[in-house]
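Below you'll find the structure, written out as structure tokens, and then a few comments.
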Amino acid sequence: MKKLNGKSKDIVKDNIDKLKSLFPDVFTEDGIDFDALKGALGEYVDDKDERYQFTWHGKSQARRLAQTPSTGTLRPCKDESMNWDTTENLFIEGDNLEVLKLLQKSYNKKIKMIYIDPPYNTGKDFVYKDDFRDNIKNYKELTGQVDNEGKTLSTNSETSGRYHTDWLNMMYPRLKLARALLRNDGVIFISIDDNEVVNLKKVCDEIFGEDNFVAKYIHKNNSTKNQAKLVSISTEYFYCYAKNKALLKDIQWRLKKKGAEDIAKMFCTLKAEGLTLEEIETQIKEMYKRPKYSHLSRWNKVDDKGVFKDADLSREGGSKDYTIINPETGAECAIPNRGWGKSKDELLRLQQEGLIWYGEDDTPPGLKDYINPDDISVPDNFWYYDNSVDTRWIKNEFGSLVFQNPKPLEMLKNMVEMVNLKEGELLLDFFSGSCTSAHATLDLNKEDKGSRKFIMIQLPEILDDTETKIKDNKDAIEFLKSKGLPINLAEIGKERIRRIIKKIETEQKESKKKDDETLFDKNSQAEIKPLNLGFKVFKLDSSNISMWDPDFDTIQQDILSSVDNIKTDRAEEDVLYEILLKYGLDLTLPIEEIEIKGKKVFVIGLGSLIVCLASDLTVEVIEEIAKLKDKYQPEVEMRVVFKDSSFKDDVVKTNAIQILKQNGIEDVKSI
0 MKKLNGKSKD
10 IVKDNIDKLK
20 SLFPDVFTED
30 GIDFDALKGA
40 LGEYVDDKDE
50 RYQFTWHGKS
60 QARRLAQTPS
70 TGTLRPCKDE
80 SMNWDTTENL
90 FIEGDNLEVL
100 KLLQKSYNKK
110 IKMIYIDPPY
120 NTGKDFVYKD
130 DFRDNIKNYK
140 ELTGQVDNEG
150 KTLSTNSETS
160 GRYHTDWLNM
170 MYPRLKLARA
180 LLRNDGVIFI
190 SIDDNEVVNL
200 KKVCDEIFGE
210 DNFVAKYIHK
220 NNSTKNQAKL
230 VSISTEYFYC
240 YAKNKALLKD
250 IQWRLKKKGA
260 EDIAKMFCTL
270 KAEGLTLEEI
280 ETQIKEMYKR
290 PKYSHLSRWN
300 KVDDKGVFKD
310 ADLSREGGSK
320 DYTIINPETG
330 AECAIPNRGW
340 GKSKDELLRL
350 QQEGLIWYGE
360 DDTPPGLKDY
370 INPDDISVPD
380 NFWYYDNSVD
390 TRWIKNEFGS
400 LVFQNPKPLE
410 MLKNMVEMVN
420 LKEGELLLDF
430 FSGSCTSAHA
440 TLDLNKEDKG
450 SRKFIMIQLP
460 EILDDTETKI
470 KDNKDAIEFL
480 KSKGLPINLA
490 EIGKERIRRI
500 IKKIETEQKE
510 SKKKDDETLF
520 DKNSQAEIKP
530 LNLGFKVFKL
540 DSSNISMWDP
550 DFDTIQQDIL
560 SSVDNIKTDR
570 AEEDVLYEIL
580 LKYGLDLTLP
590 IEEIEIKGKK
600 VFVIGLGSLI
610 VCLASDLTVE
620 VIEEIAKLKD
630 KYQPEVEMRV
640 VFKDSSFKDD
650 VVKTNAIQIL
660 KQNGIEDVKS
670 I
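Under numbering that gives the first Met the number 0, the first residue of the sequence shown is numbered 0, with each subsequent residue one higher.
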């Protein structure tokens with residue numbers, strides 16, 4: 000019986016297999032014949048001594064770090080989750096490098112959109128120091144889960160000689176792993192400021208390819224720095240890259256005009272209050288002085304129907320053989336220099352419908368283009384969002400500002416809408432912070448009754464209460480203490496998601512609208528819960544399987560404990576989800592628990608995987624397990640996993656393989 004591999008996806012082996020399928024003739028008994036490979040690649044080989052490249056100290060190790068399989072696992076934490084049995088959302092607590100490795104099999108090419116807001120490297124930000132030798136142990140030491148012998152989470156000071164290097168070494172392997180998770184039509188958004196904006200562009204060009212660069216978005220916020228000596232910075236950036244930009248050529252990114260609804264509502268309100276058209280126009284123009292609405296300032300005219308702009312009625316090469324009369328003055332309107340863009344009959348029809356705007360003189364008229372909240376347009380790369388809205392929300396919801404500088408919720412919702420994240424598609428955020436991206440996903444699902452899904456990953460970074468950081472963290476620390484929660488950043492994100500879900504559940508229960516039926520389980524006579532809400536919490540940890548360590552002091556203990564190699568402090572469900580990861584199965588697959596002759600058996604994914612971790616299994620139990628194939632008739636080959644020490648004796652173990660094979664089950668493994 001084969002053993003189940005205890006490591007995450009081997010990326011190096013996967014790359015070699017891909018290369019072998021493309022160029023089988025360049026492989027020898029000892030490895031790869033690089034001269035033969037160069038010959039196969041022909042003119043595309045760059046063997047010059049001098050070439051343009053972006054490099055830094057530690058880049059080779061950062062590349063190896065991305066390729067090194069993880070020996071960790073993700074342990075389920077039902078107590079901290081919501082709606083565990085129905086949700087398809089995930090919150091994973093742990094070092095995102097190790098978590099991304101663990102997700103490589105289960106979520107390879109399954110993520111439609113990634114959004115991350117990594118540390119900006121301002122000199123105050125924490126930058127994770129990865130350990131090539133044992134990053135799981137390193138993670139547990141730095142987060143205070145084991146004795147760390149003085150290791151601490153530290154900021155990356157500008158006085159450090161490795162200021163940019165440390166940041167690049169942190170980002171490079173994570174972006175490499177993130178790219179592998181993206182669907183071929185997937186995109187990634189990365190938030191950054193001036194400190195690393197240049198380096199981030201170079202790294203992304205290398206990892207995603209220059210040809211897959213989509214845009215550099217500029218985000219203008221209202222949080223200026225009055226203490227600045229030279230320039231008060233009020234912008235940051237978002238880089239957007241596609242996995243394969245060529246696949247986006249037939250896709251249109253569109254957004255509703257932000258602020259258009261506010262302008263339209265203001266017009267209706269002022270008109271209802273009895274203001275004249277001139278007074279309404281003055282009030283509307285006052286609104287355009289605010290940055291939030293300045294991009295709409297061309298809609299600066301009003302009539303009885305609404306707010307409009309005068310759109311161009313000309314086109315290059317248009318007719319100049321006719322004109323129209325201004326009904327206000329009786330004078331002929333000037334013919335546009337480029338010629339009319341519409342026929343004379345169409346101009347007369349528009350005139351009769353009151354859709355042509357005339358100036359006070361004989362200048363060419365314009366087409367009345369009314370502002371419409373439902374209008375969509377190609378998004379530009381300059382965005383303004385008022386951060387104070389989100390700051391107020393956090394203060395109102397938590398009683399204090401438990402998270403500094405939250406990303407604007409509306410901005411994240413716009414990103415999700417812009418890339419057209421649809422039913423069942425996944426959003427990943429592996430620097431999730433206060434989980435604005437999860438909030439955006441839940442909000443949009445509420446608005447259109449959608450089923451978008453999210454995966455949040457956050458390091459349980461201990462909140463610093465030292466003199467230098469207490470100002471930023473004081474509110475969060477006090478809040479978490481008042482709730483009896485661990486004092487780390489991940490708890491803030493989880494608590495935000497819980498509060499959003501509870502609020503949506505309450506709204507749904509109170510609304511009693513007919514269309515709410517699609518969100519509720521009609522068969523439930525107990526507490527009604529929305530089907531598309533909730534999240535499963537998993538936590539990064541070392542593997543549930545004890546590895547034999549040939550150390551002299553522990554060798555006798557290891558030999559004795561190898562009879563049952565599952566760690567004594569781990570539950571069956573811990574092992575179960577590790578098996579799902581090793582097989583590359585979705586962590587939210589339905590799991591059915593059945594009993595066969597007193598032994599617990601897990602049926603995963605409607606019979607695609609059977610797991611039995613019970614002890615003292617007999618031939619009779621194995622025979623009943625074999626019958627499950629006919630019962631479930633899975634669409635894929637049924638796989639079965641046992642604990643290595645599950646069987647009553649070696650005879651049963653040997654017979655088990657034969658019994659399962661006779662019933663058409665070839666993939667049988669043990670752990």
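Every residue gets a Cβ at the ideal spot worked out from N, C-alpha and C, and that includes glycine.
Inter-residue Cα distance where the pair is residue i and residue j
i: W392; j: Y114; result: 21 Å
i: D204; j: H56; result: 19 Å
i: G432; j: E572; result: 27 Å
i: V667; j: D615; result: 18 Å
i: A62; j: A177; result: It should be pointed out that residue 62 corresponds to Arg in this sequence rather than to Ala. The straight-line gap from Cα to Cα measures roughly 13 Å.
i: L539; j: Q507; result: 34 Å
i: G353; j: N386; result: 41 Å
i: Q555; j: K642; result: Confidence at Q555 is low in this model, with a pLDDT of 40, below 50, so its placement is unreliable and the value that follows should be read with caution. Taking the straight line from one Cα to the other gives about 22 Å.
i: Q351; j: F266; result: 24 Å
i: I558; j: T617; result: A caution first: I558 carries a pLDDT of 36, below 50, which makes its placement in the model too unreliable to give a value.
i: T234; j: D193; result: 9 Å
i: D84; j: I603; result: 13 Å
i: K264; j: Y631; result: 56 Å
i: K528; j: G30; result: For K528, the pLDDT reaches just 43, beneath the cut-off of 50, and the residue's location in the model is therefore unreliable, although a value from the coordinates is still provided. Whole-angstrom Cα-Cα distance: 56 Å.
i: V574; j: H163; result: 40 Å
i: Q680; j: V536; result: In the structure displayed, the chain extends from 0 to 670; residue 680 sits before or after that span and is not available.
i: S20; j: F33; result: 16 Å
Expected contact under 8 Å - CB spacing of residue i and residue j to nearest Å
i: N183; j: K104; result: About 18 Å; that fails the 8 Å criterion.
i: V197; j: Y171; result: The Cβ separation is near 15 Å, so there is no contact.
i: L3; j: S669; result: 7 Å
i: K111; j: L420; result: 6 Å
i: M81; j: F534; result: 6 Å
i: I491; j: F402; result: 6 Å
i: L580; j: L73; result: 7 Å
i: L366; j: D309; result: 7 Å
i: V388; j: P372; result: Not really, about 18 Å apart at Cβ, beyond 8 Å.
i: A489; j: E92; result: 5 Å
i: I664; j: V639; result: 6 Å
i: Y384; j: K304; result: That pair is no contact at about 30 Å.
i: S607; j: P633; result: 5 Å
Closer than 8 Å to chain B by CB, residue i
i: E477; result: Within the model displayed, chain B is absent; a lone protein chain is all it includes.
CB contact flag (residue i, residue j, <8 Å)
i: I375; j: R253; result: yes
i: P364; j: L312; result: yes
i: S545; j: I135; result: no
i: K343; j: Y321; result: yes
i: L276; j: D249; result: no
i: E79; j: Y138; result: no
i: L443; j: E416; result: yes
i: Y357; j: E331; result: no
i: I658; j: V610; result: no
i: Y236; j: W382; result: no
i: E494; j: S450; result: no
i: K300; j: E280; result: yes
i: A39; j: F53; result: no
Cβ-based neighbour list, residue i, same chain, cut-off 6 Å, excluding 5 preceding and 5 following
i: L620; result: Rather than Leu, the amino acid found at residue 620 in this sequence is Val. Once the five neighbours on either side are set aside, the close Cβ partners of V620 are I595, K596, K598.
i: K100; result: S7, S69
i: A214; result: C239, N380
i: N211; result: Y240, A241, K244
i: T587; result: E87
i: R569; result: N543
i: I355; result: L349, P364
Neighbourhood of residue i by C-beta distance below 7 Å, restricted to the same chain and skipping five residues each side
i: V11; result: Q66
i: N662; result: A625, K628
i: S318; result: G338, W339
i: N487; result: P459, E460, I461, L462
Sequence-distant residues of its chain with Cβ nearer than 8 Å to residue i (five each side left out)
i: L274; result: Q282
Within the segment 419 to 485, ranges of the alpha helix (DSSP H) (whole runs, at least 4 residues):
With a minimum length of 4 residues, the unbroken runs of alpha helix (DSSP H) contained wholly in the segment 419 to 485 fall at 435 to 447, 469 to 481.
At 3 residues or longer, and completely inside the segment 582 to 643: list those beta strand (DSSP E) runs for me, N to C.
Complete beta strand (DSSP E) runs here, min 3: 590 to 595, 598 to 603, 608 to 611, 638 to 641.
Unbroken stretches of the alpha helix (DSSP H), 4 residues or longer, contained in the segment 6 to 83:
Counting whole runs of 4 or more residues, the segment 6 to 83 contains the alpha helix (DSSP H) stretches 10 to 21, 33 to 40, 58 to 66.
Write down every uninterrupted run of the beta strand (DSSP E) in the segment 284 to 323 whose length is 3 residues or greater and which is fully enclosed by it, in chain order.
Annotation: the segment 284 to 323 contains the following complete segments of the beta strand (DSSP E) (minimum length 3 residues), in chain order: 300 to 302, 305 to 310, 313 to 318.
Taking only runs that begin and end inside the segment 152 to 219, name each unbroken alpha helix (DSSP H) of 4 or more residues, in chain order.
Whole alpha helix (DSSP H) segments, 4+ residues: 162 to 180, 196 to 207.
I'd like the ranges of any alpha helix (DSSP H) spanning at least 4 consecutive residues and lying wholly in the segment 91 to 117.
Qualifying alpha helix (DSSP H) stretches, in chain order: 95 to 101, 103 to 106.
What are the start and end residues of each continuous beta strand (DSSP E) run of 3 or more residues lying completely inside the segment 220 to 279, in chain order?
Runs found: 234 to 241.
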